[in-house]
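Student: Just add 93 to wherever you are in the sequence shown, counting from 1, and you've got this note's numbering.
C-beta atoms are modelled at their ideal positions from N, C-alpha and C, and glycine is treated no differently.
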Amino acid sequence: MLWNKRATRQNDTGTDKGKISEQFAQQFLVEQGLSLIDKNYHCRQGEVDLIMLDGDTYVFIEVKYRKSKAFGGALAAIPSSKQQKVKHCVTFYLHQAGLNEYNTPCRIDVVALEGDINNPQVTWLKNAF
Numbered sequence: 094m095l096w097n098k099r100a101t102r103q104n105d106t107g108t109d110k111g112k113i114s115e116q117f118a119q120q121f122l123v124e125q126g127l128s129l130i131d132k133n134y135h136c137r138q139g140e141v142d143l144i145m146l147d148g149d150t151y152v153f154i155e156v157k158y159r160k161s162k163a164f165g166g167a168l169a170a171i172p173s174s175k176q177q178k179v180k181h182c183v184t185f186y187l188h189q190a191g192l193n194e195y196n197t198p199c200r201i202d203v204v205a206l207e208g209d210i211n212n213p214q215v216t217w218l219k220n221a222f
């Protein structure tokens with residue numbers, strides 16, 4: 094997947110890189126057969142980057158991008174405090190959508206992107222936490 098080089102030159106902030114990486118992850122997951130429900134879902138406790146369906150399973154996805162593996166890379170950038178915030182958002186989303194959190198099939202995945210933002214190495218962890 095190639096990105097518009099002109100757009101990437103202008104995107105130097107962390108927010109812009111976050112949007113690019115989330116868009117890349119979304120496209121990657123669509124190519125794997127998932128369908129998008131929502132993105133950047135905010136609640137009081139935090140945010141879920143992508144909400145998708147994998148068959149009848151709701152998948153809540155945390156996307157992390159790091160240019161290098163220094164300091165542990167993208168996977169190390171998701172501390173337990175962030176995991177708890179995502180879990181709270183999942184519960185809030187399910188309640189708000191009128192879904193029973195105990196009977197609705199769902200999981201939390203992580204898509205870790207590392208390297209060149211235009212062609213990163215992708216690690217997809219299903220049921221990450």
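#1: Could you tell me the boundaries of the beta strand (DSSP E) in which Ser128 lies?
#2: For Trp217, verify whether its CB is less than 8 angstroms away from any heavy atom of the ligand SAH.
#3: Is it true that the segment 207-215 meets the segment 126-133, where meeting means three or more beta-carbon pairs spaced less than 8 angstroms apart?
#4: Within a Cβ cutoff of 7 angstroms, which residues of the same chain sit near Phe222, ignoring the five residues on either side of it in sequence?
#5: Over what stretch of residues does the alpha helix (DSSP H) that includes Phe185 continue unbroken?
#6: Quick one: what's got a C-beta closer than 8 angstroms to Asp149's C-beta in the same chain, skipping five residues either side?
#7: Name the residue from Gly166, His135, Leu146 whose alpha carbon lies nearest to the alpha carbon of Gly215.
#8: Who are Ile154's beta bridge partners in DSSP?
#9: Arg137: which of Ala170, Lys180, Glu155 sits nearest, CA to CA?
#10: Within its chain, find whatever has a CB closer than 6 angstroms to the CB of Ala118; leave out the 5 residues flanking it on each side and keep chain order.
#11: Asp131 to Phe164, Cα distance in whole Å?
Tutor: So, from the listed chains and residues:
#1: 128-136
#2: Only the bare structure without any ligand can be found here, which leaves the ligand SAH out of the picture.
#3: Judged by Cβ distances under 8 angstroms, the segment 207-215 makes no contact with the segment 126-133, as fewer than three pairs qualify.
#4: Result list for Phe222: Gln176, Ile201, in chain order.
#5: 173-189
#6: Pro198
#7: Before going on, a small fix: residue 215 reads as Val here, not Gly. Checking every option, the nearest Cα to that of Val215 belongs to Gly166.
#8: Leu143, Asp202
#9: For Arg137, the nearest C-alpha among the options comes from Lys180.
#10: Val156, Val204
#11: 31 angstroms
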